[in-house]
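Single-structure report; data block below.
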Amino acid sequence: MRMNPDKDSFPKVYFVGYWGCGESVELATLLSRLTSTNVRQQGTIHSETGEDVGVWAIAFTCLSCENIAQNGISISACGRNRIPGDAWGDAWVKIANGQLILGRDPFGRVPLYWLQIGEVIWFASALQLLLPLVSSPQVSIPALYTYTCFSYVPTPLTPVEQIAAIPAGTELSWHSPSPPHQGGNTKLRWHSRTANNKENNAPLFKGGWGDLDRIWCESSEVIRDETAAITQLQTLLKDAVGRQIADLPLDEPVGVFLSGGIDSSVVAALLVQAGLKVRAYALDFGVDAYSELPYAQQVADYLHIPLVRVPATAKQIVGAIASTAKALDLPYGDGATAPLYLLNQAAARETKVVFNGENGDQLFAGWTNKPLIASGIYNRHPDRQTEFNQHQQYLRTFGRFYDYEDKIFTPAVYDQIKSLDLQTHLHSALDSELCPSLLTRLRRASLMLKGAQNIQPRATSLAFAHGLWVRSPFCDPELTRWTFRLPGELVLQGACEKYILKRAVEAWLPPEIVWREKRGMGVPLKPWYYKEMWADIGNWLNPGLLRAEGRFVPQIAWQMMSGQMGIGMRDRYLGNNLWLLIMWQAWRTHVLGESANGRSPDHPFWIPPQLWFKWHKWRDL
C-alpha cells in the first residue's frame, strides 16, 4: 500500500469492499487499512458446482437499514432509496450466484469506482478509498486531456490510470472462475450491462426505470396542447417533491439552495406549499455586479422563509480550495465548486437535508444550449457532415481548452493526446436515431454529459462531505419521462428558454423571477485574480512547479492573463479556465499526493498587480 488514507477527506457516506480469489486474512487486513469502519458484510464466493472459489467483504457507514440487502448495499444521495419509481439506490453493489455486480443510476448522483489487483476486484464509492491500494498511481493523460475540455473527467476514465469508473446508467458484472481441477477458466470474467446496450433485452433498472434508451429519447406521444401540458407539469412537479419529502417530519427544518433562478425557486415554493419548515441559503460574494442575492431575497420574502446569506469572499474561497478538492474526490473545474462547498458547510450547521434545483436546465433546455441551437438552425450547410458539426459545436459549449491543446500542454503530453478523439465521449449522448430533433438531442446530451457526469455527482460529493443528504426533485423518473413528450415550441419559444416550465409555475412565484433571463452563478473569479488572488496564482500555477510536473506549459497562467493565448482566453474564458487549472493542482497535491515542490520566481505574480498592469501597458505601446 502506498499510504494510509486521510480519514478527514472521506465522505460521511460510503462503501468499500473486495470480491475475488485471494487469501481472506490478507484481504481483510487491507480492507481495514482503507477505512476505520468495521466490515459489515462478508461471505464466500461459490462456483456453479457449489465449491468455494473466493471471498468477498463490504464495509460501509452512515447508511439506513433500507440500503442494506442480503449480499448487497446501495447508497442514495437523498438518504432514502425506497422512493416509488426510483432505481435500487444511486450506486450499488450486489453479490449473488457467484457474481459481483456494480451499478449506478442514470442521473449519476453517486460515483462508483473499481480496481483489479490480481484476481481480486476492489470497489468503492470514493476514489480516495482505493488510492492506498495503488503503490505507484499514474495520472491518466487521456483523462487529463478530457478534463481540460469538459472541466470533469468523463467515465469510465478516472484521473488515475489504474482505477476505472462505472458510467451512470450502467452495471458491470464479474463472474467467478471455475475450479482449476475441473478444467474451468480460472480467470475472472466480466461484462457490462448498460441501458444503451441494444444486445441486452432485459431491463437494467427496475422499479420504474426500464431501459434508459426508452426514457431519454424522443417520445412518439407528443403533447401539443399547451394548457394540457401546463396542468400535467404542475402535477408532476408536486408529485416529484412529494416523493422527496415523504419521509421528512414537518417540524424539522430543511434547507434549499436558493439562487434566485427559476429552478431552485420552484423547489422552494413547493416545499413551502407542502408545509415544511424551509430555510433558504444563498451565496454572498460581496460584489454587487455578480450578486444574485436580490433575486434570492425576493423569493424568500415572497414565500415568507428566512434567507441565510453565506459569505464567499476571495479569502474564504482560497481557504476552502484544499478542502473542496478532497470533498469532490475528483478534479472538477467549475468555478462554483468552492462556493458550493461553503454553502453546504453553512447548511450542515442547521439541517441534515438540503434541496436544490439541479437538472432543471437539462430537462427544459436551459440557456447554455441556446447558442448551439441557433447554430444548428441558422448555419446549416448541405455540403457539411451534420453529425460532425454538431459534435464539434457541442464541445465548444463547454467553453474550456478545446482547440488550445498545443498551447497548454508540454510537447511530451501533446504527442500523447493529439490523436485522441474527444467526440467519442459524445456519440451516445448525441444519438440522432434516438433523438431525431436537435432540441431533444441536446436535452439528452445535457442530461448524460453535463448532468450525470458533472453536476449531480459533484453536488452529492459536496453534500456527503458535510454529512448532508441532497435531494433534487428535478431528478425524478416520472418527470424525466414526461419532458421527452414535449415538442420544441413548448420548451424553447423564441428567445425564451424553459417556456413551459415558466408557464406552469407563474402563479407560484413573482413574475420578475419567473420571466427574467437566466444568468447563472456569477462567481467573480476574474476580478479576484487581478486583486485578492494575484499572489496565490503564483503559488498554485508556479512555473517551477508546473515544470517539475511536466504536463502543462510552465508559463500557462502568465500567457493566459497577458493575452498570449488569444483575447478570448484572456477576456471570455479566463475566470473558469484558470480555476480549472488551479483545481487540478489542488487535486493532484491534496488527493493524489503528488509533490508540490520546486517553485521558481520566474513569473510576474510576486510583484503587485498595479505594477504588472503598468508594465503590460508599456509593453503594448
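Just so you know, the working numbering puts 244 at position 12 of the sequence shown, and the rest follows in order with no gaps.
We treat Cβ as the ideally placed atom computed from N, Cα and C, and that holds for glycine.
Note that the coordinates shown come from a computational prediction; the quantities given were computed from them, not determined experimentally.
Checking 8 Å against the spacing of the C-beta atoms, do residue i and residue j come in under that value?
i: S383; j: G565; result: yes
i: I307; j: S357; result: yes
i: I305; j: F355; result: no
i: V498; j: I537; result: no
i: A557; j: W844; result: no
i: G776; j: S832; result: yes
i: S712; j: L539; result: Strictly speaking, residue 712 in this sequence is Thr, with Ser absent from that position. It is not a contact, given that the beta carbons lie outside the stated cut-off.
i: I277; j: N303; result: no
i: L334; j: L404; result: yes
i: W288; j: W251; result: yes
i: A528; j: A544; result: no
i: R511; j: P481; result: no
i: A309; j: V342; result: yes
i: W701; j: K509; result: no
i: T402; j: R475; result: no
i: L856; j: A500; result: Here the chain covers residues 233 to 853 and nothing more, so residue 856 does not appear.
i: Q685; j: G321; result: no
i: Q370; j: Q348; result: no
At a cut-off of 7 Å, would you count residue i as near the ligand ZN, judging by its Cβ distance to the nearest heavy atom?
i: G589; result: Absent from the structure shown: the ligand ZN. Ligands present: none.
So what does DSSP say about residue i, is it helix, strand or coil?
i: H657; result: helix
i: S669; result: coil
i: G440; result: Confidence at G440 is low in this model, with a pLDDT of 36, below 50, so its placement is unreliable and the value that follows should be read with caution. Correct three-state label for G440: coil.
i: W701; result: strand
i: S306; result: strand
i: T712; result: helix
i: H407; result: strand
i: V755; result: coil
i: Y646; result: helix
i: Q688; result: helix
i: Y805; result: coil
i: F641; result: strand
i: V746; result: helix
i: V550; result: helix
i: F223; result: Past the boundaries of the shown model lies residue 223; the chain is included only from 233 to 853, so the question cannot be answered.
i: F706; result: coil
i: R837; result: In the sequence as presented, Arg is not what sits at residue 837; that position holds Phe. DSSP places F837 in helix when its eight states are reduced to three.
i: P243; result: coil
i: F784; result: strand
Apart from the five residues on each side of it in sequence, which residues of its chain come closer than 6 Å, Cβ to Cβ, to residue i?
i: G789; result: The sequence given here places Ala at residue 789; Gly does not occur at that position. Closer than 6 Å at Cβ, skipping near neighbours: I769, L773.
i: D479; result: R312
i: R779; result: P786
i: L572; result: L694
i: L730; result: In the sequence under discussion, the amino acid at residue 730 is Lys, which differs from the Leu named in the question. Taken in chain order, the residues that qualify are F596.
i: M801; result: M792
i: I687; result: E590
i: F292; result: F247, R272, I305
Between which residues of its own chain and residue i is the CB-CB distance below 7 Å, once the five residues before and five after are set aside?
i: N429; result: Confidence at N429 is low in this model, with a pLDDT of 44, below 50, so its placement is unreliable and the value that follows should be read with caution. Hits under 7 Å: none found.
i: H613; result: With a pLDDT of 45 at H613, under the threshold of 50, the modelled position of this residue cannot be trusted, and the question is left open.
i: W847; result: none
i: A546; result: W760, E764, M765
i: S227; result: Lying outside 233 to 853, the shown extent of the chain, residue 227 is not represented and no answer is given.
Between which residues of its own chain and residue i is the CB-CB distance below 8 Å, once the five residues before and five after are set aside?
i: L681; result: F382, P386, H657, L658, A661
i: E453; result: R717
i: Q331; result: S405, W406, H407, S408
Would you kindly report the start and end of the unbroken beta strand (DSSP E) that includes residue i?
i: I398; result: It is not in any beta strand (DSSP E) - I398 carries neither H nor E in the DSSP assignment.
i: W740; result: Run containing W740: none; DSSP gives neither H nor E here.
i: H232; result: A query on residue 232 cannot be resolved here, the shown segment of the chain reaching from 233 to 853 and no further.
i: G286; result: 284–293
i: V586; result: 585–587
Note the first and the last residue of the continuous alpha helix (DSSP H) segment covering residue i.
i: G592; result: 592–595
i: Y626; result: 618–628
i: G252; result: It is not in any alpha helix (DSSP H) - G252 instead sits in the beta strand (DSSP E) that spans 246–252.
i: V723; result: 720–723
i: V257; result: 256–266
i: M792; result: 788–793
i: Q577; result: 569–580
i: N771; result: 766–772
> At which residue ranges does the region 314–387 contain complete alpha helix (DSSP H) runs of 4 or more residues, listed in the order of the chain?
Replying inline: You should have 359–362, 373–382.
>> Give the list of continuous beta strand (DSSP E) stretches no shorter than 3 residues that lie fully inside the region 473–546.
In response: Whole beta strand (DSSP E) segments, 3+ residues: 485–489, 509–516, 539–543.
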